[in-house]
Amino acid sequence: MDLFKRYIPVLFLLAVVVSIQLVTHFTETSFYLTQLTMSAYYSVVVIGLCVLMGYGGQISLGHAGFFAIGGYLAGVLTTHNLLAFKDYGIVAFLNKIGLLIDGQSLYGETLLTVHPWAACIVAVLTAGVIALAIGGPVLKLKGHYLAMATLGFGIIIFRIALASPYFGEADGISEVPGFKLLPGIEVSGSFGDRVLNYYIAWGMVIIAVLLLLNLIHSRVGRALRSIHGAEEAANAMGVNTSRYKLYIFILSALFAALAGVFVTHYNGGIGPSEAGVMKSVRYVAIVAVGGMANIWGALIMGIVLNFLSLRGVFGSYDDAVFGVILVIIMLFAPEGILKINPWQRIKSLSALFMKQKEEEDSVEN
Amino acid sequence: MALLEIQNLNRYFGGLHAVNSVSFAVEPGMIKAVIGPNGAGKTTLFNLIAGNLPANSGTIYFNNTRINGRKPYQIAGLGLSRTYQNIKLFHGMTALENVMLGRHIRSKAGFISGMLNLPWTWPEEKLIKQKAMEYLDLLGVADCAEVEISNLSFGQQRGVEFARALATEPTLLLLDEPAAGLNIYETAEIGRLITKIRATGVTILLVEHDMSLVMDISDEIVVLSFGEKIAEDLPHNIQKNEEVIRIYLGDEDN
């Protein structure tokens, strides 16, 4: 019964995803799918951060950094031409075991680059290792201090992306090839793959939601929530609080990095703005609007706000809008504008209805 | 050896000698109370035992294991559980979930198996829930199970906190002023409850201000004053101890 209750909204989400695609197909507005795909990837970052913030009670203003680590590494590894080093030991070895692939640049030049799968794994693992390395010391901090430290991390990644010629400086990385997940299934921005990519992105969201929903309803999830509720008492009950905080920090960083990898392949490139502090603030703002400890709220707001932003509704005031949203939410609705869990709402309404009906029945009898 | 053995424990806060060479032992199965005026170092002593504060010197043995220097969660894992003077429950969670957390050290589903919701975790989760309900029932707060903790009365919260501590199945339970903020009926109720818990084989060490409760239920009493142990005896001897009377009521000349 509990499981049923947990997974019903996921099925509902699946139905919504399919129906949106069908609607755009029949109304010939499938250009919306591009922004919906991007929003889906950003929402993966948001729901990962939601579990860190809302359930684990730890803030991070550096998640755009993890997103950028994933995106940039995938971008660099799949575009950097290794042809000149073909006969050198390590490159030759990688080539031999099939981790490199041949390709052609836009100008017909022969390329030898890292296979997207290998690049993806390297990118995500690197983000995980960095999260492990900085999470250890940083998560000892609390509140503002933790926010400042993670902010500092975000700025470092941003400056590295902006300054390093390997990462294309202000131009970022372009001409990133598609990512063939399976034969016939490729993450790429090409027009013909639009519908496919919409489903890839949403498939990733659904898997992420399922994993996180399971997690927060498990023994470990309970321990995470207890850390948020009263860390000292959680520790006294035998919860290794620092380890759990670190795990959830790494998990959310892995989600961000994976989203970064996919967005980079989808867009065919990545720029330093993806690593910017304002991006991190945006993710935090969206989690706050969604109601902190509410994966569904974070997901819905993640889709809506990112979609509006990507459609250019906020114009040049994009970052300002998210800043204002954060301030307003903190002031007036610290529990988010979707405070009420829609499922509980439906349940309580139906309970009310049943009760009324019972009362009517008893009057009749 | 005693269940809990404290030897020459010292703790300073700057120039304040909060716990001054305190030594005593708690035998298995007894209810031992620590009393003393405000600022005597009782809560500090508890925090030293539970691992929330490091001691400056001295040793604490629990079940023949030296526990000072260990982290609170490690000490909890050895079978020592506690409650707090100002109740520390997990807000944003229901009473049942709070007590379910008490089962944390008695269960083992990990990060990955939780995330994948692997079938072998289901019976464990069911057992956790069932056990938690039993403890809520034992404390008479079973009907608050689904209520978020902030919506409970003070007395009910105390009950939930007790249930959570018991759910860890401790061998030693530290109670920090269990009767604080309770009226005389509730205090008497807590007293009966503590004796009931002891009857299940749990050893209890408590800090308490309420003398009637302490005299009623404890087997032995340790008296602290300004960080020093000034007496350790049976309750009726403590009542007659001149030094104890002096620190509580003052000298006749003053």
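Protein sequences appear in the order of chains R and F. To get my numbering, take the position in the first sequence, counting from 1, and add 50. To get my numbering, take the position in the second sequence, counting from 1, and add 40. Note that CB positions come from ideal geometry on N, CA and C, so glycine has one too.
task = Inspect the CB distances between the segment 242-257 of chain F and the segment 212-223 of chain F and report whether three or more fall short of 8 Å.
result = In short, these stretches touch, since the Cβ pair count reaches three.
query = Exposed or buried, which one is LYS55/R when buried takes at least 16 other CB atoms within 10 Å?
reply = exposed
request  = Along the alpha helix (DSSP H) that carries LYS171/F, what are the first and last residues, could you check?
outcome  = 161-178 is the span of the alpha helix (DSSP H), which, as asked, contains LYS171/F.
request  = Could you tell me whether the Cβ of ASN344/R comes closer than 9 Å to any Cβ of chain F?
outcome  = no
inquiry  = If you reduce the DSSP assignment to three classes, tell me which class ARG51/F lands in.
reply    = strand
query = Since ASN356/R contacts SER89/R with CB under 8 Å, what's their CB separation in whole angstroms?
reply = 4 Å
query = Can a CB atom of chain R be found closer than 9 Å to the CB of LEU178/F?
reply = no
task = Please report the Cβ distance between GLY195/F and LEU222/F, rounded to the nearest whole angstrom; I am assuming they are in contact, meaning their Cβ atoms lie under 8 Å.
result = 6 Å
ask   = Whose CA, out of MET404/R, LEU304/R, VAL371/R, TYR316/R, lies closest to the CA of ALA172/R?
value = At residue 172/R the sequence reads Val, which differs from the Ala that was named. Out of MET404/R, LEU304/R, VAL371/R, TYR316/R, LEU304/R has the C-alpha closest to the C-alpha of VAL172/R.
request  = Find the nearest neighbour of THR235/F within the set ALA220/F, GLU248/F, ASP256/F, VAL247/F, judged by alpha-carbon distance.
outcome  = ASP256/F
query = Which full runs of the alpha helix (DSSP H) of 4+ residues lie inside the segment 66-98 of chain F, going along the chain?
reply = 82-90
key: Short Cβ contact (9 Å threshold) for ALA284/R with ALA273/R   = yes
key: N-terminal and C-terminal residue of the alpha helix (DSSP H) that VAL174/R is part of   = Taken as a continuous stretch (DSSP letters only), the alpha helix (DSSP H) holding VAL174/R covers 166-188.
Given MET418/R as reference, the closest of ALA114/R, GLY106/R, LEU360/R, TYR92/R once Cα atoms are compared = With chain R covering 51 to 415 only, the question about residue 418/R has no answer from this structure.
task = Put ASP368/R into one of helix, strand or coil per three-state DSSP.
result = helix
key: Through-space distance from VAL262/F to ALA73/F, alpha-carbon basis   = 6 Å
ask   = Would ALA207/F pass as a contact of MET140/F if the rule is Cβ separation under 9 Å?
value = One thing to note: ALA207/F has its Cβ within 9 Å of the Cβ of MET140/F.
Where PHE130/F falls: helix, strand or coil (DSSP) = In the structure shown, PHE130/F sits in coil (DSSP, three-state: anything other than H, G, I, E or B).
request  = State the start and end residues of the unbroken alpha helix (DSSP H) segment that holds ILE244/F.
outcome  = No alpha helix (DSSP H) holds ILE244/F; the beta strand (DSSP E) holding it covers 243-247.
Contacts that ASN317/R makes with chain C (C-beta to C-beta distance below 8 Å) = In the structure shown, chain C does not exist; the protein chains are R and F.
ask   = Is it right to say GLN406/R is buried, meaning 16 or more other beta carbons lie within 10 angstroms of its own, or is it exposed?
value = exposed
key: ILE261/F, enclosing beta strand (DSSP E) - first and last residue   = ILE261/F -> beta strand (DSSP E) spans 260-265.
message = Helix, strand or coil for HIS130/R? Go by DSSP, reduced to three states.
response = coil
ask   = Helix, strand or coil: how does DSSP classify GLY199/F here?
value = helix
task = Assign GLU137/F to one of two classes, buried (16 or more other C-beta atoms within 10 Å of its C-beta) or exposed (fewer than that).
result = Burial call: buried.
query = In terms of DSSP beta bridges, what is GLN279/F paired with?
reply = Looking at the DSSP assignment, GLN279/F forms no beta bridge with any residue, so it has no partner.
task = Please go through the same chain and pick out, in chain order, the residues whose beta-carbon is closer than 7 Å to the beta-carbon of ASN96/F, but skip the five residues on each side of it.
result = ASN50, ARG51, TYR52
task = Assign ASN104/F to one of two classes, buried (16 or more other C-beta atoms within 10 Å of its C-beta) or exposed (fewer than that).
result = exposed
ask   = Should LYS192/R be labelled buried (16 or more other beta-carbon atoms within 10 Å of its own) or exposed?
value = exposed
ask   = Does any residue of chain R bring its CB to less than 9 Å from the CB of ASN103/F?
value = no
query = Would you say VAL174/R faces chain F, with C-beta separation under 9 Å as the test?
reply = Chain F, which has no Cβ nearer than 9 Å to the Cβ of VAL174/R, makes this no.
ask   = Taking the alpha-carbon positions, what's the ALA219/F to ALA177/R distance?
value = 50 Å
request  = Could you tell me the distance, in whole angstroms, from the CA atom of GLY106/R to the CA atom of HIS194/R?
outcome  = 16 Å
request  = Just grab the DSSP bridge partners of THR208/F for me.
outcome  = DSSP output for THR208/F lists no bridge partner at all.
query = Are the C-beta of SER121/F and some C-beta of chain R separated by less than 9 Å?
reply = yes
query = From which residue to which residue does the beta strand (DSSP E) around GLN154/R run?
reply = 150-154
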